[in-house]
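Enquirer: Below is the structure I would like to discuss, written out as structure tokens.
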Amino acid sequence: MTSRLHATVDGPAHAPVLVLGSSLGTTGAMWQPQVAALAERFRVVRYDHLGHGRSAVPSGTYTIARLGREVLALLDDLGVRRASYAGLSLGGMVGMWLATHAPERVDRLALLCTSAALGPAGQWRQRAATVRAGGVESVADAVVARWFTAGFAATHPEVVAAHRAALTATHAEGYAGCCEAIAAMDLRADLARVTAPTLVVAGLDDPATPPDHARAIVARIPRARLAVLTPAAHLANVEQPEPVGRMLLEHLWEGTVER
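What the sequence shown shows, in the numbering used here, is residues 86 to 344, in sequence order.
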């Protein structure tokens, strides 16, 4: 299977590989604040989810498993047997699926501002229907309001505007399909099978995936560690770029042997 995902690769060709998965309604560009530091040590692969950015927008049902299988196909296309993975929100959901269904492919794992079960399902299906009817613009203001704290939005309006523009550029069917994937997702029973050393990061001010969701993940993954950032809402890596970059480097590089 050849992956239908668009990816950007930074860093030394022979360095350990780190895959970055982004939030619903964003692309791999979301990780730009961390790329320079991470690419000093890793071959950093930032991909766009199915239905997002420059990736394919196929028809049919989207599931977390389908999104995860596309990442595995991308790794195969790149000739990567094993990689570390860091994902935020939807990216973290894909990361949990990878770590439980293809553990031999995941070296170390970082999960940011995410959830193993994010109901109610009806709310996600309604959002999908709204987007199909009126485009992503119809939900943009409500979504962006959950991405950043009020203080950050007031002092960084250009950052907020750039992320809103990326959100509204998302293909409506791709966004809706990923909403339906989240609606059908429940990864909780699988988490005990995660063997990769795992860091879970929450934003204290995140209304989309509050810290209790992170704590529930930590309680189920053996030896997982929790970090809570403040101030930080849902896109914590954008609002707190240096702390997130530092935590990722410390966790993902620990015990890594260049290969």
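C-beta: ideal position from N, C-alpha, C; glycine also.
For Ser200, which option in Thr215, Ser223, Leu175, Ala98 has the closest C-alpha, if you only look at C-alpha atoms?
Expert: Comparing Cα-Cα distances from Ser200 to each of Thr215, Ser223, Leu175, Ala98, the minimum goes to Leu175.
Enquirer: What is the rounded straight-line gap between the Cα of Ala171 and the Cα of Val191?
Expert: If I take the Cα positions, the gap works out to 10 Å.
Enquirer: Count the CB pairs spanning the segment 256 to 273 and the segment 161 to 170 that are closer than 8 Å, and state whether there are at least three.
Expert: In short, these stretches do not touch, since the Cβ pair count stays below three.
Enquirer: Could you tell me which uninterrupted beta strand (DSSP E) segments, each at least 3 residues in length, are contained entirely in the segment 217 to 275, listed from first to last along the chain?
Expert: Segments of the beta strand (DSSP E) lying fully in the segment 217 to 275: there are none.
Enquirer: State yes or no: is the C-beta of Val323 within less than 8 Å of the C-beta of Met115?
Expert: In this structure, Met115 lies closer than 8 Å to Val323 by Cβ.
Enquirer: Tell me the DSSP secondary structure of Ala124 in three-state form.
Expert: Correct three-state label for Ala124: coil.
Enquirer: Which of helix, strand or coil does DSSP assign to Asp192?
Expert: Reduced to three states, the DSSP call for Asp192 is strand.
Enquirer: My guess is that Arg64 and Cys264 are in contact by the Cβ rule of under 8 Å, so how many angstroms apart are they, rounded?
Expert: The requested residue 64 is not part of the displayed model; the chain covers only 86 to 344.
Enquirer: Quick check: what's the CA-CA separation for Thr93 versus Ala274?
Expert: Thr93 and Ala274: Cα-Cα distance of roughly 33 Å.
Enquirer: Are three or more beta carbon pairs between the segment 142 to 149 and the segment 110 to 126 nearer than 8 Å?
Expert: As far as the Cβ criterion goes, the segment 142 to 149 does not touch the segment 110 to 126, which means the pair count is below three.
Enquirer: Mind checking Asp226: buried by the 16 CB within 10 Å criterion, or exposed?
Expert: Result: exposed.
Enquirer: Thinking Arg193 and Leu337 are a contact (beta carbons under 8 Å), I'd like their distance in whole angstroms, please.
Expert: With a Cβ gap of about 5 Å, Arg193 and Leu337 count as contacting.
Enquirer: Take the Cβ of Glu155 as the centre, count every other Cβ of all protein chains shown within 10 Å, and call the residue buried at 16 or more, exposed below.
Expert: Buried, because 16 or more other Cβ atoms sit within 10 Å of the Cβ of Glu155.
Enquirer: For Arg310, which of Pro188, Val216, Leu197 has the nearest alpha-carbon?
Expert: Among Pro188, Val216, Leu197, the Cα nearest to that of Arg310 belongs to Leu197.
Enquirer: Using a threshold of 8 Å, state whether the C-beta atoms of Leu203 and Ile267 are closer than that.
Expert: In this structure, Ile267 lies closer than 8 Å to Leu203 by Cβ.
Enquirer: For the beta strand (DSSP E) that Ala345 lies in, which residues bound it at each end?
Expert: Summary: the structure shown does not reach residue 345, with the chain confined to residues 86 through 344, and so no result is reported for it.
Enquirer: Can you tell me which of Thr234, Gly330, Arg249 puts its alpha carbon nearest to the alpha carbon of Ser315?
Expert: At residue 315 the sequence reads Thr, which differs from the Ser that was named. Here the closest residue by C-alpha is Thr234.
Enquirer: Out of curiosity, what's the CA-to-CA distance linking Thr112 and Ala251?
Expert: C-alpha separation (whole angstroms): 8 Å.
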